[in-house]
Structure formats: C-alpha cells, structure tokens
Amino acid sequence: MGMTMTQKILAAHAHLDAVAAGDLIEADLDLVLGNDITSPVAIKEMDKMQVDGVFDKDKIALVPDHFVPNKDIKSAEHCKCVREFAKKNNITNYFEVGQMGIEHALLPEKGLIVAGDVIIGADSHTCTYGALGAFSTGVGSTDMAAGMATGKAWFKVPGAIRFNLKGRKAPYVSGKDVILHIIGMIGVDGALYKSMEFTGDGVADLTMDDRFTIANMAIEAGGKNGIFPVDDKAMAYIKEHSDRTPVVYEADPDAVYDAEYDIDLSSLRPTVAFPHLPENTRTIDEVGEVKIDQVVIGSCTNGRMDDMRIAADILRGRKVADGVRCIVIPATQQIYLDCIKEGLLTDFVEAGAVVSTPTCGPCLGGYMGVMAAGERCVSTTNRNFVGRMGHVESEVYLASPAVAAASAITGYISSPESI
Amino acid sequence: MEKAQGKVFKYGDNVDTDVIIPARYLNSSDPAELATHCMEDIDKSFVDRVSKGDIIVATKNFGCGSSREHAPIAIKAAGVSCVIAETFARIFYRNAINIGLPIIECAEASEAIKDGDEVSVDFDSGIITDITTGETFKGQAFPPFMQGLIDAGGLVNYINNR
Ligand code: SF4
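For the protein sequence lines, the chains are A and B, in the order given.
Numbered according to our numbering, the first sequence spans residues 79 to 497.
Numbered according to our numbering, the second sequence spans residues 50 to 211.
What follows is the structure, encoded as structure tokens:
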C-alpha cells in the first residue's frame, strides 16, 4: 500500500520501511521548539526525568515571543526561567529580545527547518513548517520535555486528506483566503487527527508566504499537520536560508487518502471568519455592514513580508478611520528591518497605524491591543474564539492583511477592491 | 486505575483551550492558580460549583485550539476526575494522557448524559454509568501503548522506567 508524503517522512524517522495510518511509532526528532509560555512547564517536567541535560543542544529552539518584551513580572519570571535553562544547557538556538521573532516566522527564516525534517513544538502552530515539505506538529509541554531529553517522540501515524489546488488566485486573494475557505468547507474538526496534504498545479501560484499561512492554520481544521510538495520555489527558499541538506519525499501514486477535495483558486474571494469559530466563513461579498474598533496585522499567520507589503500598499497615502486603532506587528527582526528599508514603516505611521516590535501580543489577548466588552477587531491572526483577544464580549473577525488594511481605512469590514 | 464518580458539567461542541484557561492567565504555570480560572470564559460559576471527582461531558472536538498543557492541568487541578467527549482535539488528547488526566471518547454517553447527572466511570472496563438515569455506555478503550503510558502515570514516569 502506498504512503502519503507525511507517512514517508515518519517512516524514515522511525527507521521503518513502511507505516500505515493508525500505527504507533517512535520517531527521531530534528528539532524541538518551545516558547515563553510552554517552555517553563516543560523545563519543570524535564527536571523530573532522570536524564542529564538535553539530547542535542543544536536541535532545540527556544523562542520567548508571547509576552516579550516582558509585559509584567510573571512573564519576566517565565522568560528568566527559559533564559537560564538555555544558558545552562548551552542551547544554540535561544533567541533573546533583539534577535527573536514570532517562532513560526523565525525558525524557517533562520534556516532551522529543511524539507524532510520531523519537528515537534510546544505550540499548536508548529504545523507551519509543512510549507517547506517537513513534518511538523504541535504538542504539549510534557512532550516537549521528553523530546528535549530523548530526541524522540511517539506518534500515531495519521491518515490524510488531499487538497488538489488548481488555477490562479485573483488579485487580493491570498493564502489566508485559501485556508479560510478550506476551514469553512470542512469545519474546525474536518481534519481531526489527519494530515492535510496540498498538491496540484495551483501550488505553483502560491508564494512561500502564502504556503506558510496555509500550513499554519491546518490546526484550525483540527489537522495534525499541513504539508506542501517541495517545488523549485520551496527549494530556493531552503537554499537561501539553510546550509543543511533537504530530503525530498513525495507521496506514492497509490497513497490512500480519507478524502479529496478539488479547489479552484480562481474561484476564491477574499474571505472573513466571523466570531467565534474559524469555520464561520463568509466571502467579502456576504459580510454586510460590520463596524470595527481595531485592526491587527501580524502574527505567525500573517506577519511576513508579503503581508507587510500588501498592507502598506493599501494604507499608503490614506488614513486609518477615526475611532479605529490599527496595530501592525512585523513577525521578526529581519522583517521589521526589511520594512524599514522598503519604507513601509513610514507608510504605516503616516496612515495613523502603530507599529510594534515582534511579539504575539494581541493575537492571544496578551497585551498590545487587548479588547474591551463590545469591541470588534479585524485581525490577520488565526483564532477568533470567545475571549481570544480580550473581553468575552469582544469579537474577532479573521481576514487577510489586504482586507484588514482596507477595513482600517473605512472603519467597516471592507474589500480591498473598494479602496 | 480505580473508578471516577461525580456530578456532570455538560458542554457542547468545540470547547476550546481559550475558554478552558484564558491566555491572560498563562503568565502562571501553577496548577492551583490555573484551577481558579478553569472554564472561566464559558462558565463563570464552574470553579464555585465544581467539587472533587466531578466529571466534564462535552460533544465534539473538546480542547481544540492551542497546545497549552495548562488546559488539562487546570481541569485536573480543579478536581475533575474524567472528561468524556465524542471526540477530542489531538493536542489536548496527547496532553491529557501525558499529564494523567483521564479522558474517554464515547459518542453515545456524550449525547445522552445531561448536565447535573451523577455519573461513574470504570477505567478498566471503559464502562460509563449514568447513575441518575441508570443508562450505561461503553467508552473507547486506549490502544495498549497509550494504556502503558497511563499505567506508568504519564510520560515522565514512562521515560524514567525505560
Ligand atoms: S502569533 Fe498567535 S497563534 Fe502565533 S504563536 Fe503567537 S500567540 Fe500563537
């Protein structure tokens, strides 16, 4: 029986010739990731394990990004715990404020991921790296602790859903609209326990940043991972960022899929997920009149260069509407710097937006844009659960950077086409 | 493992980790402190009403959202002895097993059991009994590998035992 792309990567890392959906395996890990929320719990758990130190100081990435620069004393204590652990164990890839960025934008940029890798991260959006043809998935802190100690993790081999992408996107349609469309179609548990494998001619039409966005939100459909084939674009990205040798796996022609969907990219419209679930999607033509108080452009989903450029294109020479707060957060220091060099920060500030250093901040209602009761935010982040960005009676509408920027200008959820 | 018994707190589909333990409290990792905010954004009175041994019953995709282990930790520290659902989100499922919070998938039980019912769960047999109505259900048993993890008392002990 043929294997999917994910199954092939897992089989190789478990030193097996073949695996099938449902098999329980133990796989070698190429990288173990943690942040300032999950690592302290993992470090405590690791202390209870009878091991001396980490399995490989080069294969652990610690990225304090959620509450940094520290928002309060407790956050500072957490970050201190991570910093001291990193120092004690000589962790190569610890990223202090000044080098750090939002983890899932940072790791690919730093060349820590190549095709064929197996990565676990104590953060649910670890699935982002599937854009580079790697198997990566979110786990909890105890799994992270075990991964840091042993370099291995247990997995139940997932089945897969295949998404055949074809055609080309219309202007102002981005990776965000593709994945919101898919989640709207299959639901927030539509891919529960499964891989989401993206294939087809349409993949070529997606930039790497589009693919990161799509793989990032696989978890919002319940998926274990999202994964893309390694084409010339992906290979060029990997070569540009990493010295390591990628290993390219392809699904067997007779691989078994639990379901298959054809998606014609040319038929997609800018898409918005209404409160309080990512599956509550409507096209921009169906949103009606929704007045907003805040716009957030950033996060591990949409804080990359493509996102900054499209937002700046729309905001340039225009003004954020009266009564709207527009917060822009480049996801990494490199992206921040590139925004400065390209003059995008000037565009944002002149339009009346604020620009923050890299942080998760408002995405999880942490700080830097927490909302009051009754307020509405159009956000390029990935979750719009009750209370996600603040008060339980606040509302989050998920959208692309183009829609978010257009909405900032009008004060209502708006199509970039109308600007 | 023995039995769990307690009164039921019943919830619906897609109970996410943001309502189980809101991110604004994640600057703590102390179980006792997390427990005081457990379920706060879906059921404000939960922490006042819950007593040791009580059981959460929900329908589909319980625990969806973030990877925060703080979610099962908060539930366990609040005194909950078992979560029964039709399905669990996969990271929550892993985390619950890894930290030793008993969970059981059972579509029939998740549909039939009502808020406030007195329910018992026999972990060895997977039998769920609604004492209030007298109905019984058979929950999904764990594969042997996961049962091994649970029997060891979670992943930390499992690794130490090897
Ligand atoms: S940006 Fe939001 S979703 Fe992404 S890692 Fe940070 S908190 Fe999580």
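For glycine and all other residues, C-beta sits at the position ideal for the given N, C-alpha and C.
For A/G439, three-class secondary structure by DSSP: helix
For A/Y339 versus A/F276, is the C-beta distance shorter than 8 Å? no
Under 7 Å Cβ to Cβ from A/A105, same chain only, skipping five residues before and after it: list those, please. L88, H91, A92, V196, K230, A231 and F233
Please report the straight-line C-alpha distance between A/P249 and A/D384, rounded to a whole angstrom. 13 Å
Under the criterion of a Cβ to heavy atom distance below 7 Å, does A/D40 qualify as lining the ligand SF4? The displayed coordinates of chain A run from 79 to 497. Any statement about residue 40 of chain A would go beyond what the structure contains.
Between A/A480 and A/M79, what straight-line distance do the alpha-carbon atoms span, to the nearest angstrom? 44 Å
Are any of the Cβ atoms in chain B nearer than 8 Å to that of A/V464? yes
Comparing C-alpha positions only, which one of B/L83, B/A156, B/Q196 and B/Y74 sits nearest to B/V106? B/A156
Cα-Cα separation, A/S219 to A/E428: 42 Å
Ordered along the chain, which non-local residues of its own chain (more than five positions away) have a Cβ less than 6 Å from that of B/V170? A53, C131 and I177
Under 8 Å, do B/N147 and A/Q128 count as touching if we go by C-beta distance? no
Could you round the C-beta distance between A/A212 and A/G194 to whole angstroms and report it? I think they count as a contact, below 8 Å. 7 Å
Whose Cβ in chain B lies nearer than 8 Å to the Cβ of A/K302? R139
Is A/I151 buried or exposed, if buried means 16 or more other CB atoms sit within 10 Å of its CB? exposed
By a C-beta neighbour count over all protein chains shown, 10 Å radius and 16 as the cutoff for buried, is A/N168 buried or exposed? exposed
Roughly how far, in whole angstroms, is the beta-carbon of A/T215 from the beta-carbon of A/H182, given that I think they are within contact range, below 8 Å? Not quite, the Cβ-Cβ distance comes to about 12 Å (not below 8 Å), so this is no contact.
Taking the beta strand (DSSP E) that A/Y475 belongs to, which residues open and close that run? E473 to L476
Please list the residues of the stretch 128-157 of chain A that have a C-beta atom closer than 7 Å to any C-beta atom in chain B, keeping them in chain order. Q128, F145, D150, K152, S153 and H156
Would you mind reading off the limits of the beta strand (DSSP E) that contains A/R403? R403 to V406
State yes or no: is the C-beta of A/I261 within less than 8 Å of the C-beta of A/A299? yes
Considering only the alpha carbon of each residue, which of A/G237, A/P142 and A/F133 lies closest to A/N113? A/P142
Amino acids of chain A, ordered along the chain, whose beta-carbon sits closer than 8 Å to that of B/F194: L102 and W232
Does the beta-carbon of A/H182, which I'm using as the reference point, lie nearer than 7 Å to any heavy atom of the ligand SF4? yes
Label A/K499 either buried or exposed according to how many other C-beta atoms from any shown protein chain fall within 10 Å of its C-beta, with 16 as the threshold for buried. The displayed coordinates of chain A run from 79 to 497. Any statement about residue 499 of chain A would go beyond what the structure contains.
Mind listing the chain A neighbours of B/I208? Cutoff is C-beta to C-beta under 7 Å, in chain order. M127, A224, A227 and T228
Between A/A223 and A/A120, which are expected to be in contact by the criterion C-beta below 8 Å, what is the C-beta distance as a whole number of angstroms? 4 Å
Over what stretch of residues does the beta strand (DSSP E) that includes A/R360 continue unbroken? T359 to T361
Is it the case that the CB of A/H203 approaches a heavy atom of the ligand SF4 more closely than 7 Å? yes
Enclosing beta strand (DSSP E) for A/N303 [first to last residue]: N303 to I305
Leaving out five residues before and five after B/D67 in sequence, what residues of the same chain have Cβ atoms less than 8 Å from its Cβ? D90, G114 and S115
Any beta carbon of chain B sitting closer than 8 Å to that of A/T361? no
Which chain A residues sit within Cβ distance under 7 Å of B/L75? I115
Is it the case that the stretch 304-318 of chain A contacts the stretch 272-286 of chain A, given that we only count it when at least three CB pairs across the two stretches are under 8 Å? yes
Using DSSP with H/G/I as helix, E/B as strand and the rest coil, what is A/N294? helix
Three-pair Cβ contact test at 8 Å for the stretch 63-81 of chain B versus the stretch 119-129 of chain B: yes
Please report the residue range of the alpha helix (DSSP H) in which B/S159 lies. A156 to A161
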